[in-house]
Amino acid sequence: MNNHIPILVEMQKLDDVIAEKLVLTESLPKRLSGLKKDVEDADNQVSETKTRLEENRKDQKLKELEIKSNNDQITKYKNQLLAAQSNKEYKALNSEVAHLESQNSLIDDVILQLMEDESSIKAQLEEELKIQANAKAELKANEDSLNLEIKEVEKEIKKFRDQRNNLAKDLPRALVKRYAALIKNRNRKAVVFNNGNKCGGCGYVLRPQVMIELQKGDEIINCENCGRMLVFHE
Ligand SMILES: [Zn+2]
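See below:
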């Protein structure tokens with residue numbers, strides 16, 4: 300058997316592990332940033348609702364001031380009523396008072412609505428604070444371990460790469476180059492076994508002559524379709 304073949308098989312085994320680890324280098328940071336995003340979203344939601352609550356309370360104060368100013372005016376008119384000289388003046392003052400009183404009653408309705416809104420905003424805020432606390436707890440519970448896991452995976456990838464590169468030292472440069480190109484361009488599979496009479500990488504049916512040469516194992520056979528290096532498997 301061509302003595303390069305067992306080395307290539309070992310290298311591919313290491314690259315299979317590296318491929319699994321590479322998936323983690325994407326999924327772990329994604330999980331971490333997802334947890335951070337949950338906290339950020341919760342923070343935004345809480346601050347938005349707090350602003351609405353402040354605005355509601357401001358509006359209530361303004362409406363109360365309006366009522367107060369109307370009441371001051373009503374008191375003024377009522378004092379003037381006591382000193383009214385004519386029936387006409389008396390009627391005019393009375394109608395002003397009635398107008399202000401009906402205005403106040405409308406403002407009261409608005410205040411009531413604002414108070415109802417306030418209590419529903421408060422309930423909403425309470426819910427959002429719970430969600431925010433949960434998101435923060437979730438991040439706190441996982442952040443360190445995820446960061447650790449990410450570092451660990453990177454370390455392992457480096458270790459397996461080093462092992463693979465050490466094996467590669469025993470191969471001709473051109474073969475290593477070819478292997479590296481296949482890893483890069485063929486979904487991290489450079490060396491595959493035959494699957495019956497098919498290429499284990501792409502499923503292409505291998506010609507009988509290719510099968511015979513593959514079985515002999517004297518040289519490295521490439522799949523005529525995907526270019527991967529084939530290794531015989533009973
Ligand atoms: Zn193939």
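Residue 300 is where the sequence shown starts when you use this note's numbering, and the numbers rise one by one after that. All residues carry an ideal CB built from backbone N, CA and C; glycine is no exception. Nothing here was measured: the structure is a model prediction, and the numbers come from that model.
Rounded straight-line distance, which links the Cα of PHE459 to that of LYS450: 14 Å
Buried or exposed (CB count within 10 angstroms, at least 16 for buried), GLN508: exposed
Buried or exposed by the 16-neighbour rule on C-beta atoms within 10 Å, applied to VAL396: buried
Contact between the segment 420-432 and the segment 333-351 (3+ Cβ pairs under 8 Å): yes
Contact set for VAL308: own chain, Cβ-Cβ below 7 Å, skip 5 residues either direction: VAL490, VAL530
PHE531 - DSSP class collapsed to helix/strand/coil: coil
Length-filtered (3 minimum) beta strand (DSSP E) runs lying within the segment 467-532: 490-494, 528-530
Assigned exposure category for GLY500 - 16 Cβ within 10 Å defines buried: buried
Proximity below 9 Å, CB of ASN403 to CB of ASN355: no
DSSP-derived helix/strand/coil call for ALA432: helix
Local Cβ density within 10 Å of MET300, reported as buried at 16 or more and exposed below that: exposed
Distance between beta carbons of ASN496 and VAL504, contact taken as under 8 Å: 6 Å
Under 9 Å between C-beta atoms of VAL452 and LYS320: yes
Residue nearest to CYS525 in terms of C-alpha spacing, selected from LEU364, ASN484, LYS515, ILE373: ASN484
ALA383, DSSP secondary structure in three states: coil
Meets three-Cβ-pair contact criterion under 8 Å: the segment 380-391 and the segment 403-413: no
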